[in-house]
Each structure stands twice: as structure tokens, then as C-alpha cells.
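Residue numbers (UniProt numbering), protein chains in the order written: chain A, 1 to 145; chain B, 1 to 251.
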């Protein structure tokens with residue numbers, strides 16, 4: 001399991017290089033992916049549900065990147081994008097596709113809906129944490145102006 | 001500074017942001033900030049294919065500028081530079097020439113070289129094949145495939161090829177090559193190779209930014225980005241499915 005967290009760390013660093021991230025933030029971006037995956041694994045262990053685990057993993061990534069964005073004054077999605085890479089349901093999507101090719105449509109529907117649910121829960125997790133941060137900080141910004 | 005010059009600077013900054021995959025609210029906020037820091041009022045609408053800017057003087061004069069964006073990429077570094085550029089302008093309004101020069105610098109900022117990016121793409125495939133329980137051999141094959149795919153994609157997208165076709169072809173190549181290699185070397189598991197290789201192509205940025213745009217109320221921009229993400233996924237999936245269904249029947 002530790003190995004998977006280390007892999008998630010590297011799995012966030014290399015996509016970040018493809019997106020031309022600032023060289024000084026490569027390590028922090030990798031940490032984002034590792035934290036997200038650690039939370040995912042923890043919740044998957046307790047609930048056995050990939051949907052709930054992805055939701056909380058995405059919330060953790062959102063909180064990490066939004067708070068880091070405020071600390072070092074940089075756009076949040078420089079950490080958000082590399083961080084969600086380990087959570088993206090690539091394997092599930094491919095399995096659904098494989099079932100379609102093999103003409104096994106009920107299994108494909110099963111996997112396809114699971115893929116959509118996981119992708120949606122990642123989206124909602126990010127939305128959730130971003131919305132909370134926006135709510136807290138937008139009040140302050142109005143006062144400052 | 002002249003109102004026309006302000007409009008030019010704001011348009012150039014917005015163009016760099018939008019071209020490199022920023023969210024709509026960030027583009028609008030940045031342009032407003034730039035206009036405000038020169039003492040004008042700015043109004044801006046941005047969707048993912050273009051920006052409309054009006055710069056308004058206190059006595060009601062108005063200059064409007066429209067910019068159409070054709071190519072979209074993802075570049076976190078340039079977005080960050082523009083972000084800090086617009087923040088600095090509030091405290092320290094640069095002259096027209098200076099601002100122009102800074103924007104040009106950002107526009108021509110260094111990318112990672114093609115070699116480094118290809119290495120990163122192959123390592124991404126390598127890591128994710130291991131991540132999804134593949135063996136080291138699967139991971140190596142997947143890395144080699146994604147070197148080829150990334151190189152071809154880079155060259156073809158510069159030649160201005162149609163996006164759907166580009167991703168369809170990548171899917172086709174990934175599917176065909178992995179299936180072929182599995183037949184040659186039976187130790188390879190095709191499914192693991194494919195899941196590793198497609199990770200590089202997944203539109204994670206379009207997806208998350210689309211969601212963020214919708215959350216901030218930019219429904220046009222957000223749904224455009226989400227449909228772009230869905231188009232890419234479907235194109236890639238159809239490509240892989242074509243390769244697999246044709247070859248599996250044929251063999």
C-alpha cells in the first residue's frame with residue numbers, strides 16, 4: 001500500500017511536467033497526488049466503496065490545493081490537476097469499453113455506470129471544497145475593497 | 001496610459017490565459033484587475049472560444065475589443081505568470097512598453113523541451129501501468145507505446161489536424177499495437193498496457209476546469225469544456241474499440 005502511495009506521488013509529478021508546471025512546485029504537486037490517494041485508500045478500506053472513497057479523496061485534494069494556493073499565492077489548479085490523476089477511473093472506463101467490444105452489454109453498463117459515478121464524485125468532491133473555500137474567502141475580499 | 005493601449009494589454013493578457021486553459025472567471029477577473037489598475041473600468045465576457053472586452057473611462061468613453069481563440073493547450077506556468085503580473089499591476093502600474101515587454105516574455109516563456117516531455121509521458125504510462133497492478137514488463141511496453149503516441153500527437157497537432165481524428169487515431173494505434181505485442185510476447189497483458197497508455201491522453205484539465213466554471217456560474221464556458229472532454233474520451237474509446245473488435249474477430 002505504501003508502494004501505491006509512492007507511485008501516486010510519481011504519477012502526479014510526470015503529468016505535471018507535461019502541463020509545464022513551475023519547476024519549484026513539482027514536489028508540492030506530487031505530494032498532492034500522494035495525499036489524495038492515501039485518503040482514498042483509507043476510506044476504501046473502511047467503506048469498500050470506490051465512489052465514497054473518490055469523493056473524500058477529491059475533497060482532500062481540493063482542501064490541500066486551495067489552502068496551498070492561498071499560502072504561496074498561486075492558482076489552485078496547478079496542484080488540483082496533477083493531484084486528481086491517480087483518482088481518475090481510467091481502468092474502470094477501459095473495462096467498460098472492453099465489455100462493449102466483447103458484446104457483453106450488461107457488464108459494460110455495470111462498469112460504465114460505476115465509471116460515471118466515480119468521475120462524478122471526483123467532480124463533486126472538488127466542487128465541494130472549492131465552494132467552501134470560496135464562501136469563506138469571498139466574504140473577506142468584499143471587506144478589503 | 002491611453003485607453004486603446006489598456007485595451008490592447010488586457011486583450012493580450014486574456015488571450016494568453018485562455019489559450020493555456022485557464023477558467024473563465026480567472027480570465028474575467030484578470031482583465032478587470034488590469035483595467036482597474038490603470039484607472040479605467042473593465043467589463044469582460046469570456047467563454048472557452050473567445051473574449052469580449054470593453055474598457056470604459058470615467059466620463060463614459062468606451063473601447064471594445066474581441067479576440068477569437070482557436071488553439072487551446074494546458075500550461076500552468078504561463079497562467080501563473082499572468083496571475084502575478086496582474087496582481088503586481090495594482091501596486092505598480094507599468095508603462096505601455098514595459099507591460100508589452102513583460103507579456104511578450106510570458107508568451108515566449110520556456111517550455112520543457114520535447115525530450116523531457118516525451119520522457120514524462122513515458123514515465124506517466126510506466127507509473128500508471130504499475131499503479132493498476134500491471135507487471136514491470138507491461139509497464140515497459142506501455143511506456144514505449146506512449147513515447148510514440150506522444151511524439152506523433154505533438155507533431156500532428158502542430159500541423160493543425162482535426163482533434164477528433166487525432167484522438168481516434170491515437171486510440172487505434174494504442175489498441176492495435178498492444179494487441180499485436182500480446183500475440184508476439186504472451187507474457188504481456190494487453191489490458192494493463194492499454195490502461196497505462198491512455199492515461200496521458202485523458203482530458204483531466206478540461207474536465208476539472210469545466211466543473212469549476214459551472215460552479216462559478218460560467219455555464220457556457222463550463223459546458224463547452226465538459227463537451228470537449230467527453231469528445232476526447234469518446235474519440236479515444238471508439239479508436240481502441242475499432243482496433244480491438246476488428247483484430248479480435250480477424251485473429
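Note that beta-carbon positions come from the ideal geometry of N, C-alpha and C, so glycine has one too.
These numbers come from a predicted model, not from an experiment.
Residue contact check for residue 104 of chain A against chain B: no CB pair falls below 8 Å. Under DSSP, the beta-bridge partners assigned to residue 52 of chain B are B:45, B:66. The Cβ of residue 84 of chain A sits closer than 8 Å to at least one Cβ of chain B.
One finds nothing in chain B with a Cβ atom closer than 7 Å to the Cβ of residue 70 of chain A; even the nearest lies about 13 Å away. Residues are counted here when their Cβ sits less than 9 Å from a Cβ of chain A; for the region 14-46 of chain B these are 20, 21, 22, 23, 26, given in chain order.
Take residue 80 of chain A, set aside five residues on each side of it, and the residues of its chain with a beta-carbon closer than 6 Å to its own are 65, in chain order. Contact between residue 90 of chain A and residue 199 of chain B holds, since their C-beta atoms are separated by about 5 Å, short of 8 Å.
Taking the CA atoms as reference points, residue 223 of chain B sits about 33 Å from residue 7 of chain A. Distance between residue 38 of chain B and residue 5 of chain B, taken at the CA atoms: about 10 Å. Cα atoms of residue 4 of chain A and residue 121 of chain A: separation of roughly 21 Å, rounded to the nearest angstrom. Straight across, the Cα-Cα distance linking residue 15 of chain A with residue 34 of chain A is about 14 Å.
At a cut-off of 4 residues, the continuous stretches assigned as alpha helix (DSSP H) that sit fully inside the UniProt domain "Threonine/Serine exporter ThrE" (5-132) of chain A are 26-47, 50-72, 77-84, 90-101. In this structure, residue 194 of chain B sits away from residue 170 of chain B, with a CB-CB distance that is not shorter than 8 Å. Look at residue 97 of chain B here: in three-state DSSP terms it is helix. Between the C-alpha atoms of residue 192 of chain B and residue 139 of chain B there is a straight-line separation of about 8 Å. In the three-state reduction of the DSSP assignment, residue 208 of chain B falls in the helix class, which pools H, G and I.
Here the region 97-107 of chain A makes no contact with the region 36-44 of chain A; the two share fewer than three CB pairs at distances below 8 Å. Here residue 73 of chain B carries a coil assignment [DSSP, helix/strand/coil]. For residue 192 of chain B, the enclosing alpha helix (DSSP H) stretches over residues 190-198.
Per DSSP, residue 187 of chain B lies in no alpha helix (DSSP H) and is assigned neither H nor E. Taking all protein chains shown into account, residue 88 of chain A has 16 or more neighbouring C-beta atoms within 10 Å of its C-beta and is therefore buried. Contact of residue 91 of chain A with chain B is assigned, a C-beta pair being separated by under 8 Å. At a C-beta separation below 7 Å, residue 137 of chain A has no neighbours in chain B, since its nearest C-beta there lies roughly 13 Å away. When only Cα atoms are considered, residue 156 of chain B and residue 88 of chain B end up about 38 Å apart. Under the DSSP assignment, residue 36 of chain B falls in the alpha helix (DSSP H) whose first and last residues are 24-37.
Residues of the same chain with a CB within less than 6 Å of the CB of residue 22 of chain B, apart from the 5 flanking positions on each side, are 79 in chain order.
Look at residue 209 of chain B: its C-beta is under 8 Å from a C-beta on chain A. Distance from residue 70 of chain B to residue 20 of chain A at the Cβ level is roughly 20 Å; contact not present, criterion being Cβ atoms closer than 8 Å.
The three-state reading of DSSP puts residue 123 of chain B in helix, counting H, G and I together.
Here residue 219 of chain B carries a helix assignment [DSSP, helix/strand/coil].
For residue 12 of chain B, the enclosing alpha helix (DSSP H) has its first and last residue at 3-19. Among the residues facing chain B, residue 15 of chain A is included, as its CB has a counterpart in that chain under 8 Å away. Under the Cβ criterion (8 Å, minimum of three pairs), the region 41-56 of chain B counts as touching the region 9-21 of chain B. Neighbours of residue 111 of chain B in chain A, taken as residues at a C-beta separation under 8 Å, are given in chain order as 20.
Within chain B, the C-beta atoms nearer than 8 Å to that of residue 126 of chain A come from 208, 211, 212, in chain order.
The Cβ atoms of residue 149 of chain B and residue 197 of chain B lie closer than 8 Å to each other.
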